[in-house]
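Q: Provided herewith is a single structure, encoded as structure tokens, for subsequent inquiry.
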Amino acid sequence: MTRLKRYLPTPVLSLVLLVVWLLMVRSLAFGHILLGSFLAVTIPLLTQGFWEPLPRVKHPIKLARFVLVVLWDIIVANLQVSRLILSPSREAHPGFIEYPLALKDRLAITLLANTITMTPGTVSTNIRLDSSSLLIHALDMDDEQALIREIQERYERPLKEIFEC
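For the sequence shown, the tail end lands on 1541 under the numbering used here, and the numbers increase by one without skipping.
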């Protein structure tokens, strides 16, 4: 273990903590920078035992493409949900589906569940203990199989490629 890694196990987290601290105190006084730096080094050191090692991203370009797809889907879903809510003639068809998971990596499953939840109109509500399926609530679902195919194609398949799992 290198000396830097021993005292600064997560440099990005430390930098984020320092920036957040300085934004919260709204001052660049030397004392605030010193205290923020102390906290930015100490907090990761004290909590490093709780962090799981992150899997390596095998395809960073595919990850960037995945992020763009998710951002686009969030924008489109916002518009669809707004239209559904504001249109008095349109009726929602809410429902639950049990989505079969092909992913095995815990982080990839968590990212899939969070992606589904971040997209307006869908919420991942439960995962089976054996990680075989995910329970999803959809605000407006006409075709269960179409929703399953869309999640598989737009989210799950890219995550499998990104993490090679």
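Glycine residues also receive a C-beta, built at the ideal position from the N, C-alpha and C atoms.
Closer than 8 Å by C-beta to Val1401: which residues in its own chain qualify, once you throw out the five before and the five after it? Chain order, please.
A: Mapped onto the sequence shown, residue 1401 falls at position 25. Closer than 8 Å at Cβ, skipping near neighbours: His1408, Gly1412.
Q: Please give the ranges of any beta strand (DSSP E) in the segment 1482 to 1509, keeping only runs that are unbroken, at least 3 residues long and fully inside the region.
A: Listed in chain order, the complete beta strand (DSSP E) runs (minimum 3 residues) inside the segment 1482 to 1509 are 1498 to 1503.
Q: Which whole-angstrom value is the C-beta distance of Ile1485 and Ser1507, which I expect to be below 8 Å?
A: Numbered from 1 along the sequence shown, position 109 holds the residue referred to as residue 1485. Numbered from 1 along the sequence shown, position 131 holds the residue referred to as residue 1507. The pair is a contact, with the Cβ atoms about 6 Å apart (cut-off 8 Å).
Q: Name the DSSP bridge partner or partners of Pro1476?
A: Locating residue 1476 in the sequence shown gives position 100, where the first residue counts as 1. DSSP, once it has assigned bridges, lists Ser1509 as partnering Pro1476.
Q: Only counting the same chain, and skipping five residues up and downstream in sequence, which positions put a Cβ closer than 8 Å to that of Leu1384?
A: Walking along the sequence shown from the start, residue 1384 turns up at place 8. For Leu1384, where only same-chain residues beyond five positions count, the Cβ hits under 8 Å are Ser1390, Val1417, Pro1420.
Q: Comparing C-alpha positions only, which one of Ser1403, Val1446, Ala1478 sits nearest to Glu1540?
A: By 1-based counting over the sequence shown, the position of residue 1540 is 164. Nearest C-alpha to Glu1540: Ala1478.
Q: Looking only at DSSP bridge pairs, what is Ala1514 linked to?
A: As a first step, residue 1514 must be located in the sequence shown, where it is residue number 138. Answer is Gly1471, Thr1498, bridged to Ala1514.
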